[in-house]
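Written out below as structure tokens is the structure these notes cover.
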Amino acid sequence: MRFGIIGNPLKHSISPRLFNEIFKMMNLNFVYDPFELPAEDLEVFINSLRQSDIAGINVTIPFKERVCDFLDWLELPASRIKAVNTIYKANGKLCGYNTDYYGFSESIKEFKDRIKNVLIFGGGGAARAVLYSISQLNYQKVFLVERSAKKREKLQKDFGYIQNLEIKEWKEDYILEILRGVDFVVNTTPLGMEGVSNFFPLRPTYSLKNKVFVDLIYKPELTPFLKIGQTLGAEIKNGSQMLIFQAIKSLEIWTGLKTEFKDWQKIYNSIYKLTDKS
Ligand code: NAP
């Protein structure tokens, strides 16, 4: 069986190595290829999947929202999140799933009961999964900051059902005021991702003790966003567990196979030792 990932850029993505190594470990005759696509080729590529030998595809930055328009149907919770990171082909029809939601929810389980007031940076495909995940918890208030007015409007429309959600323009003064009162802070933007930037635009001058900072980025391990949190006393977590959990779920959707987190973790660790040396 053949699988893959579409996105742009894809250089940062560990998924091809992670999946191919797990296939090797499990003696599965499967392959997983990267397809870095220009934005204008997305529709043609997705349509070509219907006739191709590819059984399933992951979708990453920046296509998770747009890809929904080209699929035959969306499964819950993708249909509520309106973003897809996993496509499964059944009888030539393309079905969209969201395993980022599952991955994020599993990776933050340890903080679940402490999550009351939340600040989310960014409003793209991954932010939608995070927002939906938080909405399933016993939270009090969620703030989300996003630069684009168009995206803010669309988020408001799609997530209007979420109680106590405030979506605002990304402005430093507003963010610094909100940050004081929240206990759970999530970066869903690529700011700080290796190859994108080594900076996160946040300069709090007060303690962040008793807060949790979560970055969806997993490379570098200590991202600029997490460095800010750690320096000022917050607990931190990067996106590596989320990455593994969402991959486990994608593989299960495509093949029915249930794989062990610890096996993926072992491979993840070994890849990063290799990558770091090169
Ligand atoms: P996306 O749909 O393209 O969304 C990116 C978001 O980041 C948009 O809201 C965008 O805002 C914002 N952004 C980009 N540059 C910015 C800047 N300079 N200042 C402020 N906001 C900025 O991408 P995505 O699929 O959500 O992925 C986002 C990140 O999450 C990526 O780094 C990805 O690798 C990571 N991720 C990790 C996992 C995991 O398993 N660990 C899973 C999913 C995603 P604008 O609309 O204003 O451009």
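Numbering of the sequence shown is given in the numbering used here, commencing with residue 5 and proceeding in unit increments. Glycine included, every Cβ here is placed at the ideal spot set by N, Cα and C. Only a predicted model underlies this, so the values are computations on that prediction, with no experimental measurement involved.
The DSSP-derived three-state label of G129 is helix. The straight-line gap separating the alpha-carbon atoms of T259 and V146 is approximately 36 Å. DSSP places W268 in the helix class (H, G or I) of the three-state scheme. Out of D162, L195, T103, P38, the CA that lies nearest to the CA of L247 is found in T103.
Residue side-chain check: P194 places its Cβ nearer than 7 Å to a non-hydrogen atom of the ligand NAP.
Runs of beta strand (DSSP E) with 3 or more residues, each lying fully within the region 11–74, are found at 35–40, 58–63, listed in chain order. By the criterion of a C-beta distance shorter than 8 Å, K116 is surrounded in its chain by L141, once the five residues flanking it on both sides are discounted. The three-state reading of DSSP puts A251 in helix, counting H, G and I together. Relative to the non-hydrogen atoms of the ligand NAP, the Cβ of W268 never comes closer than 7 Å to any of them. D219 sits in a strand when the DSSP states are folded into three classes. The closest heavy atom of the ligand NAP lies 7 Å or more from the beta carbon of I112.
In the structure shown, L230 adopts helical secondary structure according to DSSP, grouped into three states.
F147: member of the beta strand (DSSP E) spanning 145–150, first to last residue. Looking at S152, Y210, S254, L206, the one whose alpha-carbon comes closest to that of V190 is L206. In this structure P13 touches G199 by the C-beta definition: roughly 7 Å separates them, less than 8 Å. Within the region 73–140, the complete alpha helix (DSSP H) runs of at least 4 residues fall at 82–85, 103–111, 129–139. Contact between the region 125–139 and the region 67–78 is present: 3 or more CB-CB pairs across the two stretches fall below 8 Å.
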